[in-house]
Amino acid sequence: MLRCKDVTRLVASEELRTASWRTRIGVRVHLAFCRHCRRYVRELARIGAAVHDLYRDAADEPEREEAMVHRVLGQSGGPPR
Amino acid sequence: MSEQVDRVAAIRGGDPVTMETVIRECLPGLIRTAIAAGLPRDRAEDAVQASLLVFVQRASEYDGRARVSTWLHGILVRKIWEERRTARRETAQEDIDAVVESRFDADGTWVRPPSGPEEALARGELRRELSSCLEALADRQRVAFTLREVEGFTTEEVCNILGVSANHLGVLLFRARNGLRECLEAKGFGRSADVAV
Numbered sequence: 818m819l820r821c822k823d824v825t826r827l828v829a830s831e832e833l834r835t836a837s838w839r840t841r842i843g844v845r846v847h848l849a850f851c852r853h854c855r856r857y858v859r860e861l862a863r864i865g866a867a868v869h870d871l872y873r874d875a876a877d878e879p880e881r882e883e884a885m886v887h888r889v890l891g892q893s894g895g896p897p898r
Numbered sequence: 009m010s011e012q013v014d015r016v017a018a019i020r021g022g023d024p025v026t027m028e029t030v031i032r033e034c035l036p037g038l039i040r041t042a043i044a045a046g047l048p049r050d051r052a053e054d055a056v057q058a059s060l061l062v063f064v065q066r067a068s069e070y071d072g073r074a075r076v077s078t079w080l081h082g083i084l085v086r087k088i089w090e091e092r093r094t095a096r097r098e099t100a101q102e103d104i105d106a107v108v109e110s111r112f113d114a115d116g117t118w119v120r121p122p123s124g125p126e127e128a129l130a131r132g133e134l135r136r137e138l139s140s141c142l143e144a145l146a147d148r149q150r151v152a153f154t155l156r157e158v159e160g161f162t163t164e165e166v167c168n169i170l171g172v173s174a175n176h177l178g179v180l181l182f183r184a185r186n187g188l189r190e191c192l193e194a195k196g197f198g199r200s201a202d203v204a205v
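First to last, the sequence lines map onto chains A and B. Position in the first sequence (from 1) plus 817 gives the number in my numbering. Position in the second sequence (from 1) plus 8 gives the number in my numbering.
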């Protein structure tokens, strides 16, 4: 029988992906009955999505990237432009 | 995931159009990853540029077993770690293991159930808090996490990029996720509905 502690570890480490079918079903059954673990899984998903948005928005500077592309291709003898 | 055969040949042959396409495709993700590795924007760009030059010089060695973006991210991450080897500070991030441990009783059942952010997080409000929680992570944990969640690499690809075993990646992701969750919960996200507005 999987415990809350096992379920959270399997989910957070993503070891669940490569776990046996027995373990994967065990996690599903556990989640069906445990609202705390369901909440934990939901929180991790929210946090992942928030970090995704944060990085995607923050690092987006097309002009600087364009200048870099030109520098790299220039230095490496890339295509003439 | 491997790369298409004709594209591998074009990269190996240094085809200018293909090289430019690859560089354009990978550049934003490489910059994000260098920043996630703990570099400020300027130095992140320097590291990415140096990595791209290595990529162009060594293109003939590319064997196509991994996607070209995986290969490129691997070059970048190795470069950043190498430069930092002398002055590496690996803070005692294992603390998070003890914090997680303390949430369960001897039977492995929650004694302090999670009460972190449960709803979609409002962007503006969250940004500063989330940034500071991200900064508190060890660099390797942060990079492992963003390669998965932001860049969308598979766990196998992240292992390849970081040069770590699947078990080690599991530990990095476990600590990153719990570190962020605990940090946000401690800042009061999730305690009430007001943060989700």
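The C-beta atom is built at its ideal place from N, Cα and C for all residues, glycine as well.
Item: The segment 181-198 of chain B touching the segment 104-117 of chain B, judged by at least three CB pairs closer than 8 Å; Value: yes
Item: With 16 other Cβ atoms within 10 Å as the buried cut-off, status of residue 11 of chain B; Value: buried
Item: Start and end residues, alpha helix (DSSP H) containing residue 181 of chain B; Value: 174-194
Item: Cβ pair residue 41 of chain B, residue 168 of chain B closer than 8 Å; Value: no
Item: Minimum C-alpha distance to residue 119 of chain B - residue among A/828, A/854, A/841, A/838; Value: A/854
Item: Boundaries (first-last residue) of the alpha helix (DSSP H) holding residue 118 of chain B; Value: It is not in any alpha helix (DSSP H) - residue 118 of chain B carries neither H nor E in the DSSP assignment.
Item: Where residue 146 of chain B falls, given that 16 or more other Cβ within 10 Å makes a residue buried; Value: buried
Item: Min CB distance residue 51 of chain B to chain A below 8 Å; Value: no
Item: Where residue 888 of chain A meets chain B, residues with beta-carbon distance less than 7 Å; Value: 57
Item: Three-state secondary structure (DSSP) of residue 112 of chain B; Value: strand
Item: Same chain, Cβ closer than 6 Å to residue 71 of chain B, five either side skipped, listed in chain order; Value: none
Item: Burial state of residue 887 of chain A, where buried means 16 or more other Cβ atoms lie within 10 Å; Value: exposed
Item: Bounding residues of the alpha helix (DSSP H) (the contiguous stretch that carries residue 223 of chain B); Value: Nothing in the structure corresponds to residue 223 of chain B, since chain B is present only between 9 and 205.
Item: DSSP-derived helix/strand/coil call for residue 66 of chain B; Value: coil
Item: Span separating the alpha-carbon of residue 874 of chain A from that of residue 138 of chain B; Value: 14 Å
Item: Pick from B/158, B/178, B/170 that is closest to residue 870 of chain A, judged by C-alpha positions; Value: B/158
Item: Beta-carbon gap between residue 55 of chain B and residue 88 of chain B smaller than 8 Å; Value: yes
Item: Test: residue 115 of chain B CB closer than 8 Å to a CB of chain A; Value: yes
Item: Three-state secondary structure assigned by DSSP to residue 849 of chain A; Value: helix
Item: Below-8 Å beta-carbon distance, residue 26 of chain B vs any chain A residue; Value: no
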